[in-house]
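Down below is the structure, laid out as structure tokens.
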Amino acid sequence: MQSTPQLFNDSWDRIQTNNKQFISCFYHYLIANSEEITQIFVNSKIQEPEKLLHTSILYIVTFSTAKLPEKSLQRVKTIHEKLNISDDHFNLWMESLICAVKVWDPKFSPEVETAWLKTFKLGLDFMKKA
Ligand code: HEM
């Protein structure tokens, strides 16, 4: 049986083939499911949403797996606190990510889903905790 890191890394590799579509799919779900999130993005000055998603994933995965120093993620967390991003927004962020993985990973399975959720848990909990 494959380990969580193997399942996650293989899924991530498969998605890279359709990276652009994966990212638009993620933003589509995120924005379509929350008027509040749409407003937050409209009011922000994000130049390159594609890069932002990649950076976000990198932050969370590195924090969860390789123990990125808390200080680095704390800076990102503070930015989000100022933007009033709530736990519900973070949950929707994760849900949207899973929806996009479901569409763009041709080998998506319940095990792959669990691997993504496990990989993001620590980082996501850190972002959410008051
Ligand atoms: C765990 C989930 C998330 C991670 C890891 C993450 C990560 C990041 C990072 C690294 C930046 C760039 C910060 C900088 O250096 O300037 C950023 C900016 C931003 N994020 Fe997130 N994010 C997450 C969830 C969300 C959610 C749920 C929303 C919206 C509801 C959101 C909205 C924004 C906005 C609007 C900015 C741009 C801020 C600005 O420069 O005006 N993020 N995020």
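The opening residue of the sequence shown carries number 398 in our numbering; numbering runs sequentially from there.
For every residue, glycine included, the Cβ atom is placed at its ideal position computed from N, Cα and C.
Please tell me whether, using a cut-off of 7 Å, the distance from the CB of residue i to the nearest non-hydrogen atom of the ligand HEM is below it.
i, result
"S421", "no"
"M524", "yes"
"I437", "yes"
"H477", "yes"
"W501", "no"
Is there a C-beta anywhere in chain B that falls below 8 Å from the one on residue i?
i, result
"E508", "Going by chain labels, chain B is absent from the structure shown, which holds only one protein chain."
With residue i as the anchor, note down where its alpha helix (DSSP H) starts and where it stops.
i, result
"P507", "P507 to K525"
"K499", "D484 to W501"
Under 8 Å by Cβ, that's how I've got residue i and residue j pegged, so tell me the actual separation to the nearest angstrom.
i, j, result
"L470", "M491", "That belief does not hold up - the Cβ atoms of L470 and M491 are roughly 15 Å apart, past 8 Å."
"D484", "K518", "At roughly 14 Å, the Cβ-Cβ gap does not stay under 8 Å, so D484 and K518 are not in contact."
"N420", "L450", "Looking at the sequence shown, residue 420 is not Asn but Ile. That pair is a contact at about 5 Å."
"S431", "L489", "6 Å"
Inset, instruction - Please specify which runs of the alpha helix (DSSP H), each continuous and at least 4 residues long, are wholly inside the region 408-480, giving them in chain order. - result: Segments of the alpha helix (DSSP H) lying fully in the region 408-480: 416-429, 432-440, 446-463 and 467-479.
Legend entry - the region 494-507 contacting the region 435-445, beta-carbon criterion three pairs below 8 Å: Contact check between the region 494-507 and the region 435-445: fewer than three CB pairs, one atom from each, fall below 8 Å, which does not count as touching.
Inset, instruction - Spell out a yes or no on whether the region 501-511 and the region 402-417 are touching, meaning 3 or more CB-CB pairs, one atom from each, closer than 8 Å. - result: Because the criterion of three Cβ pairs below 8 Å is met, the region 501-511 and the region 402-417 touch.
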